[in-house]
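Respectively, the protein sequence lines represent chains A and B. At position 86 of the first sequence (counting the first as 1) the number is 86 in our numbering, and the numbers step up by one without a gap. Adding 368 to a residue's 1-based position in the second sequence gives its number in our numbering. Worksheet for the structure shown next.
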Amino acid sequence: MTQPAPPVDPAKTRKTAEYKHSRPLTACYWEPKGRYLFFGAEDNLIHRYDVAAKTALPLAAHDSWVRAFAATPDGETLLSGGYDGRLVWWPATADKPAPQRVVDAHAGWVRALAVSPSGLRVATCGNDRLVKEWDIATGTLVRTLAGHASHVYNVCYGKDDGALYSCDHRGVVMAWTLPPVAAGGTPAANTPTATAPAATAPTATAPAGAVAGTAPGVEIAKVEALHFYDTTFRADIGGARSIALRGDGGRLALGGITNVSNAFAGVGEVAVAVVDPAARKLEILLIAKEKTQGAVWGVAHHPDGFWIGLSGGGGGWLLFWKGDTANEFFRFKLPADGRGLGVAPDHRQVAVAHADSHLRVYALHADA
Amino acid sequence: MDRHAACGSAEHAQSRRAVLRGFASGALASGPIAALGRWAGVWAGGYAGGLSLGQVMAGTPAVAAPLRAGGKRILNIFLHGGVSQLETWDPKPNTDTGGPFRAIPTSVPGVHICELLPHTAKQMHRLSIVRGLDTKNSDHGRGVVEMTTGRKEMKGVDNPHLGAVTAKALTPAGFTLPGHILVRSSPGKRNVESESHKAAYLGPQFSNVIMYDGKPPKFTDRPEGLSLESDSRRNAFRQRSDERFAGRRRTADTDAYTFSFQQARDLLERRDVFDASRESAADQARYGVSEFGKHCLLARRLIECGVPYVQVNHADYDTHHENFDFHIEQLGEFDQPFATLLSDLADRGLLQDTLVCVMSEFGRTPKINTRYGRDHWGTAWSIVLGGTGIQPGAVIGKTNDNGTAVVDRAVDHGHVFHTLLRAVGVDSKGEFDIGGRKFPIADPAKDAITELLA
């Protein structure tokens with residue numbers, strides 16, 4: 001008789017797998033079918049880690065670090081966004097994946113991307129202060145969303161394809177209402193509201209004949225706690241280093257750094273801002289019970305009703321918040337700074353891209 | 369130097385204590401009289417520094433004639449905190465140390481710099497890169513001193529700043545503006561005592577005048593309550609009193625005070641020189657709205673007026689944390705105004721008499737730390753030079769594949785100091801004669817990077 005799986009219990013978090021790479025990692029992503037973990041590293045490559053076989057395969061198409069991944073719900077198509085400004089389509093499960101399409105998506109870095117709940121669209125954001133939406137089937141630019149005044153750090157869809165959220169360097173959160181478009185359908189015929197010159201000569205294919213539309217956007221919050229202008233060093237620090245939607249779509253979590261006293265030394269504390277999009281306000285700022293230096297580089301909502309935060313910059317931690325109180329109910333010390341968080345489709349494990357060149361998997365439950 | 373090091377080390381605190389009071393350090397009330405007093409105070413500072421006013425005055429004409437190279441100037445852009453050589457002049461893309469940025473071609477075939485400098489890349493035919501800096505130092509304060517004096521910092525020994533040396537060697541007779549000007553951002557509430565560039569034995573008249581936020585030196589405007597007529601009468605009275613006093617008891621000291629008051633009055637009369645808002649709207653737009661852009665436009669104005677040494681500081685690059693994001697931000701401010709300034713100097717024929725230098729106190733570690741930062745690094749880094757006396761489009765020195773060591777033509781601050789002076793026609797192997805004492809202009813143990821000289 002099969003024993004029932006141990007219930008998820010963050011207090012029982014433990015390391016279950018470890019993969020050593022040759023360079024520090026920058027991000028990771030667990031694809032929806034659970035077979036592969038994709039991670040980026042300081043080597044300009046994407047690496048597909050086979051969870052069962054515990055082996056990794058390098059995928060080359062980017063000319064810079066890759067910190068953004070998402071896949072279609074069937075797990076067959078992977079989208080990657082790089083600091084080279086490129087958006088790349090991959091056959092995620094092929095024996096030797098080769099790029100299917102490469103688009104110069106943003107002038108400057110692609111900082112984040114998200115696949116829509118239907119799997120028809122991918123949204124990207126970057127240093128050109130733009131959010132863009134692309135048709136996954138055709139690679140067509142559907143619309144360009146202008147309105148942010150600083151680098152757009154993260155993007156995430158709402159419960160359906162009609163809502164999109166983005167957050168920039170200065171903690172400004174925008175909500176975009178998107179008109180429905182059929183799969184592979186013709187995008188709206190209006191011109192983009194803003195374009196930015198490419199920083200470098202394009203080497204990738206531009207989407208031929210793309211005509212982008214626009215969509216209305218509204219600022220729903222300015223999360224002051226996630227932004228600081230350091231007058232000593234004369235530079236901004238902040239932004240949503242991570243983003244996640246609560247399961248019911250009713251709250252948006254933005255991971256970052258707060259209480260910064262020295263931007264250039266990274267002296268600040270981990271924080272997750274939970275925003276109520278409907279009420280257009282910050283609901284609660286989740287922080288660590290004990291002062292914890294660094295930023296939250298990964299955030300996720302667990303179906304059991306708690307938030308998971310991954311920190312890096314002052315040692316790595318997994319922090320677990322219920323969301324109704326500011327402090328975590330449990331924290332788990334990691335062996336090194338975290339830089340990216342992936343959640344298994346069954347929500348029983350998480351993967352962490354570490355600064356010490358390791359990909360590690362942690363179970364959120366007791367050993368069976 | 370005003371160092372605000374991110375790492376907050378004891379060395380930083382130490383370096384912040386390095387002091388020399390300058391133009392703005394006088395203790396008189398505000399107003400034009402106060403301004404005059406401040407100039408006098410500068411002289412008094414020199415007196416307190418161990419030289420009599422007579423000696424100070426004697427120092428000026430004692431500069432050997434061959435040192436004078438009339439019409440030459442130095443513009444030094446100092447990127448404080450230690451700009452990353454990998455994100456500027458010596459990119460190493462796709463290596464373990466290279467970071468996320470790509471290298472881009474420049475106007476010099478075969479020479480690449482970081483993609484964060486697209487505008488500067490188009491001006492590289494006017495510049496040369498020195499990629500073999502090995503200054504063996506990773507301390508902010510020491511780095512600033514060594515790069516701007518050309519000598520190792522030693523306790524109890526003050527050597528004159530490059531600006532002071534330049535001002536002394538290149539200021540033409542009868543020049544009515546300060547010969548050594550620093551343009552920088554406002555210090556806010558910070559200690560600015562260490563802002564003054566030491567003139568050391570050259571005398572405080574060669575120390576820097578500081579223009580905070582690109583504004584004219586403090587106390588150079590006439591108070592609203594003081595009419596021009598009243599001011600003139602007051603000054604006439606002072607002159608008569610001075611002359612009467614000098615008629616009976618004239619000394620080198622009284623001459624020095626008279627000189628300082630006259631220089632201050634000249635400064636007041638030419639106050640518009642310091643006002644970059646007098647430049648055309650089109651030019652102001654070309655330089656942009658950033659503070660550094662405005663400072664670059666002001667630097668052009670000062671260079672056009674013949675100021676022998678202008679330094680523009682841009683801060684801060686001490687990026688122990690998120691080096692790449694901060695270099696996007698800081699170099700995003702630097703690139704276009706600097707390229708515009710360089711282009712303008714060339715177009716106006718000023719570059720043939722102006723040496724342009726971009727330096728820091730050191731570079732940043734090839735190794736990327738766990739916070740995406742780079743730390744202090746004096747072992748293998750870069751500066752750029754261009755303009756008068758410099759061979760354009762050259763790359764001198766070389767680092768290894770991932771930038772961890774110099775593999776060809778290692779040089780240090782001493783070589784750079786000689787090179788800068790030689791480029792503007794100063795015999796850097798010569799000596800200053802100060803009151804009968806001989807002071808080597810630059811470190812006698814070093815020499816110029818001769819292959820860099822035009």
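No residue lacks a Cβ here, since even glycine has one placed at the ideal position from N, Cα and C.
Contact set for residue i: own chain, Cβ-Cβ below 6 Å, skip 5 residues either direction
{"i": "R143 (chain A)", "result": "E133, A212, G213, T214, A215"}
{"i": "Q423 (chain B)", "result": "Confidence at Q423 (chain B) is low in this model, with a pLDDT of 33, below 50, so its placement is unreliable and no value can be given for it."}
{"i": "G209 (chain A)", "result": "Low per-residue confidence applies at G209 (chain A): pLDDT is 39, beneath 50, and the placement is therefore not dependable, though the value from the model is reported in the following sentence. So the list is empty, once near-sequence residues are dropped."}
{"i": "G717 (chain B)", "result": "none"}
{"i": "L419 (chain B)", "result": "Low per-residue confidence applies at L419 (chain B): pLDDT is 31, beneath 50, and the placement is therefore not dependable enough to give any value."}
{"i": "N527 (chain B)", "result": "T517, R519, A568"}
{"i": "I237 (chain A)", "result": "F228, V260, A263"}
Limits of the alpha helix (DSSP H) - the one that residue i falls within
{"i": "K806 (chain B)", "result": "Here K806 (chain B) belongs to no alpha helix (DSSP H); instead the beta strand (DSSP E) covers 805 to 808."}
{"i": "P473 (chain B)", "result": "Note, P473 (chain B): premise wrong, no alpha helix (DSSP H); beta strand (DSSP E) at 471 to 473."}
{"i": "A714 (chain B)", "result": "691 to 715"}
{"i": "I751 (chain B)", "result": "First-last for I751 (chain B): 749 to 755, but that is the beta strand (DSSP E), not the alpha helix (DSSP H)."}
{"i": "G449 (chain B)", "result": "Premise fails: G449 (chain B) is in no alpha helix (DSSP H) and is neither H nor E."}
{"i": "D801 (chain B)", "result": "Note, D801 (chain B): premise wrong, no alpha helix (DSSP H); beta strand (DSSP E) at 799 to 802."}
{"i": "K662 (chain B)", "result": "659 to 672"}
{"i": "M727 (chain B)", "result": "Segment 722 to 727 is the beta strand (DSSP E) holding M727 (chain B); no alpha helix (DSSP H) there."}
Chain A residues whose Cβ lies nearer than 7 Å to that of residue i
{"i": "N462 (chain B)", "result": "N44"}
{"i": "R654 (chain B)", "result": "Simply none; closest approach about 17 Å."}
Partner residues on chain B for residue i, Cβ-Cβ distance less than 8 Å
{"i": "N127 (chain A)", "result": "I696"}
{"i": "A235 (chain A)", "result": "D684, F694, E697, Q698"}
Proximity below 8 Å, CB of residue i to CB of residue j
{"i": "V51 (chain A)", "j": "L79 (chain A)", "result": "no"}
{"i": "R23 (chain A)", "j": "S357 (chain A)", "result": "yes"}
{"i": "H695 (chain B)", "j": "S452 (chain B)", "result": "yes"}
{"i": "S242 (chain A)", "j": "P468 (chain B)", "result": "no"}
{"i": "H487 (chain B)", "j": "H682 (chain B)", "result": "no"}
{"i": "A60 (chain A)", "j": "L87 (chain A)", "result": "no"}
{"i": "H688 (chain B)", "j": "G731 (chain B)", "result": "no"}
{"i": "L25 (chain A)", "j": "F38 (chain A)", "result": "no"}
{"i": "L530 (chain B)", "j": "F706 (chain B)", "result": "no"}
{"i": "D776 (chain B)", "j": "G765 (chain B)", "result": "yes"}
{"i": "T465 (chain B)", "j": "N770 (chain B)", "result": "yes"}
{"i": "L723 (chain B)", "j": "V498 (chain B)", "result": "no"}
{"i": "G340 (chain A)", "j": "A27 (chain A)", "result": "yes"}
{"i": "A351 (chain A)", "j": "W90 (chain A)", "result": "no"}
{"i": "G81 (chain A)", "j": "G147 (chain A)", "result": "no"}
{"i": "T787 (chain B)", "j": "I817 (chain B)", "result": "yes"}
Span of the beta strand (DSSP E) around residue i
{"i": "D502 (chain B)", "result": "Taken as a continuous stretch (DSSP letters only), D502 (chain B) belongs to no beta strand (DSSP E), as it is neither H nor E."}
{"i": "A91 (chain A)", "result": "In the sequence under discussion, the amino acid at residue 91 (chain A) is Pro, which differs from the Ala named in the question. Here the beta strand (DSSP E) through P91 (chain A) covers 86 to 91."}
{"i": "S600 (chain B)", "result": "Element bounds for S600 (chain B): not the beta strand (DSSP E) but the alpha helix (DSSP H), 596 to 617."}
{"i": "A175 (chain A)", "result": "172 to 177"}
Own chain, CB closer than 7 Å to residue i, minus 5 neighbours either side, in chain order
{"i": "D634 (chain B)", "result": "T544"}
{"i": "D721 (chain B)", "result": "G439, K440, R441, T756"}
{"i": "E224 (chain A)", "result": "G171"}
{"i": "T221 (chain A)", "result": "Rather than Thr, the amino acid found at residue 221 (chain A) in this sequence is Ala. The residues are V173, V275, R280, K281, L282."}
{"i": "A11 (chain A)", "result": "F330"}
{"i": "F807 (chain B)", "result": "Y569, E799, F800"}
{"i": "E729 (chain B)", "result": "G450, H508, G511, V512, M515"}
{"i": "G342 (chain A)", "result": "C28, Y29, W30, L37, V350, A351"}
Chain-ordered neighbours of residue i on chain B, where CB pairs are closer than 7 Å
{"i": "S166 (chain A)", "result": "Those do not exist, as S166 (chain A) stays about 18 Å from chain B at its closest Cβ, beyond 7 Å."}
{"i": "D161 (chain A)", "result": "Correct list: empty, because the minimum Cβ distance to chain B is about 31 Å."}
{"i": "F264 (chain A)", "result": "A374, D684, D686, T687, H688, H689, F694"}
Cross-chain neighbours of residue i in chain A, by beta carbon under 9 Å
{"i": "H508 (chain B)", "result": "Ordered by position in chain A, no residue passes the 9 Å Cβ test against H508 (chain B), which lies about 12 Å from the chain."}
{"i": "G741 (chain B)", "result": "F264, A265, G266"}
Within chain A, the residues that residue i reaches when beta carbons sit closer than 8 Å
{"i": "R470 (chain B)", "result": "D63, S64, D84, T200"}
{"i": "T738 (chain B)", "result": "P24, G312, G313, A336, D337, A355, D356"}
{"i": "S553 (chain B)", "result": "R234"}
Contact set for residue i: own chain, Cβ-Cβ below 8 Å, skip 5 residues either direction
{"i": "R111 (chain A)", "result": "R67, A68, G81, C125, G126, N127, H151, V152, Y153, N154"}
{"i": "K333 (chain A)", "result": "G315, G316, W317"}
{"i": "A5 (chain A)", "result": "R348, H365, A368"}
Across the segment 579 to 597 of chain B and the segment 647 to 667 of chain B, are there enough close Cβ pairs to call them in contact, namely three or more that are closer than 8 Å? Yes, the segment 579 to 597 of chain B touches the segment 647 to 667 of chain B.
Evaluate the contact criterion for the segment 458 to 478 of chain B versus the segment 493 to 501 of chain B: three or more CB pairs, one atom per stretch, below 8 Å. As far as the Cβ criterion goes, the segment 458 to 478 of chain B touches the segment 493 to 501 of chain B, which means the pair count is three or higher.
Quick test of the definition: if touching needs 3 or more C-beta pairs under 8 Å, does the segment 587 to 599 of chain B touch the segment 668 to 681 of chain B? These segments do not touch.
Could you tell me whether the segment 513 to 524 of chain B touches the segment 635 to 651 of chain B, using the rule of 3 or more Cβ pairs below 8 Å? Not touching, per the Cβ criterion.
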